[in-house]
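My numbering numbers the first residue of the sequence shown as 38 and each following residue consecutively. Note that beta-carbon positions come from the ideal geometry of N, C-alpha and C, so glycine has one too. Presented below is the structure to which this report refers.
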Amino acid sequence: MKKSKYRRLLTVLPISFILLGCESGDETQDEAENASEAVEYTFTGIEAGSGITELTLGMIEDYDNLEGWEINKSSTAGMITALDRAIENEEPIIATAWSPHYIFAEHDLKILDDPKNSLGEEETIKTIARQGLEEDKPNAYKILDRFNWDIEDMQEVMLDAQEIPFEEAAQNWVDDNGDKIAEWTEGSEEVDGESFHLISTPWDTERASSNVMAIVLQDLGYEVDLTNVDPVVMFQAISEDEGDASLSPWLPTSFGAYYEKFEGQFEDLGPNMSGVANTIIVPAYMDIDSVEDLKPRK
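Structural data, given as structure tokens:
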């Protein structure tokens, strides 16, 4: 549906319903009907195999009103581009997303209610390490075990990285947060070129944390190799000693299946961030508040 037609519907329908004596709830239902049709019963998504993509596929099965809905599986960059374009033109879009994310600082967005909790409750991001890391590299292990930061910290790096490389954004954050770095590294000894292999996932959240940790370890003398892979490969690499650690697992929902598959083959160092969540978002100008407001494909 073209922008002008969508706006015309939003303008005319309320007047029509007032003339007919209908309740405001009917207006909301028609808005949801128009929006569902306008996005062609499709969620704008990211990569196939990502946690939010798999959860959204499950959500479509959970809700009867999502019958016939699909996910446009593209990429994180593709989702963000589509969101930016839709908001610039004030057009409807319904997208998969997650918090933390810099898009919440850039745009006025709404997170749709998910009464069935298909996308899961709030999650934590955990640190995992290969078995034996504490004995082999005690300094690095101690820092990883202490590593913890806030959503605002991560979003600061992510937002900065939209203009400069992630490595520079992470360095800027490290330079500005010496107190936190000191808490993680207290009592740690410098090393002389000892190798360390960080395994991450290719999304901005994990690129932020992994690049910050890489700099912290490099400043202590480690030669850090940072590799971005799919979640299942991340767990496999840590479990098979092909990597030293990862700061990336979202649990218990997003990466829960992979965690269970490899459980017992790695060490869980606990959360490095709390309060993260998978979400379905719409621009604030769309009069939709819940996944249940959406309409099935006719």
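To which residues of the same chain is residue i closer than 6 angstroms at the C-beta, ignoring the five residues directly before and after it?
i           : result
residue 319 : 131, 147, 325
residue 123 : 130
residue 183 : 221
residue 265 : 237, 239
residue 185 : 309
residue 272 : 295, 299
So residue i is in the alpha helix (DSSP H); what residue range does that whole segment cover?
i           : result
residue 95  : 88–99
residue 270 : 268–276
residue 298 : 293–299
residue 221 : 215–222
residue 188 : 188–197
residue 252 : 241–256
Taking a contact to mean a Cβ-Cβ separation below 8 angstroms, would you say residue i touches residue j in this structure?
i           : j           : result
residue 104 : residue 333 : yes
residue 191 : residue 245 : yes
residue 80  : residue 317 : yes
residue 231 : residue 174 : yes
residue 73  : residue 331 : yes
residue 249 : residue 255 : no
residue 312 : residue 188 : yes
residue 113 : residue 241 : yes
residue 155 : residue 96  : yes
Please list the terminal residues of the continuous beta strand (DSSP E) segment that includes residue i.
i           : result
residue 170 : Note, residue 170: premise wrong, no beta strand (DSSP E); alpha helix (DSSP H) at 170–173.
residue 306 : 304–320
residue 80  : 79–81
residue 233 : 232–237
residue 124 : Unbroken run through residue 124 is the alpha helix (DSSP H), 113–125; no beta strand (DSSP E).
residue 260 : 260–265
residue 140 : Unbroken run through residue 140 is the alpha helix (DSSP H), 140–143; no beta strand (DSSP E).
residue 146 : 146–148
Please look up how many angstroms separate the CB atoms of residue i and residue j, rounded, as I've assumed it's under 8 angstroms.
i           : j           : result
residue 211 : residue 218 : 6 angstroms
residue 206 : residue 194 : 5 angstroms
residue 88  : residue 237 : Not a contact, Cβ separation roughly 14 angstroms.
residue 327 : residue 99  : Not quite, the Cβ-Cβ distance comes to about 13 angstroms (not below 8 angstroms), so this is no contact.
residue 133 : residue 83  : 6 angstroms
residue 94  : residue 139 : Not quite, the Cβ-Cβ distance comes to about 25 angstroms (not below 8 angstroms), so this is no contact.
residue 263 : residue 235 : 5 angstroms
Buried or exposed for residue i, going by 16 or more other Cβ atoms inside 10 Å?
i           : result
residue 199 : exposed
residue 201 : exposed
residue 162 : buried
residue 77  : exposed
residue 75  : buried
residue 160 : buried
residue 110 : buried
residue 68  : buried
residue 247 : buried
residue 125 : exposed
Spatial neighbours of residue i within its chain, please: C-beta separation below 7 angstroms, excluding the five flanking residues on both sides.
i           : result
residue 60  : With a pLDDT of 45 at residue 60, under the threshold of 50, the modelled position of this residue cannot be trusted, and the question is left open.
residue 49  : Residue confidence for residue 49 is low, a pLDDT of 34 falling below 50, so the modelled location carries little weight and cannot support an answer.
residue 321 : 145, 146, 147
residue 269 : 295
residue 209 : 197
To which residues of the same chain is residue i closer than 8 angstroms at the C-beta, ignoring the five residues directly before and after it?
i           : result
residue 157 : 92, 289, 290, 291, 314, 315
residue 329 : 100, 102, 150, 152
residue 167 : 275, 276, 278, 280, 281, 282, 303, 304
residue 44  : No answer about residue 44 holds up, because its pLDDT of 34 lies below 50 and its placement is not dependable.
residue 225 : 176, 179, 180, 257
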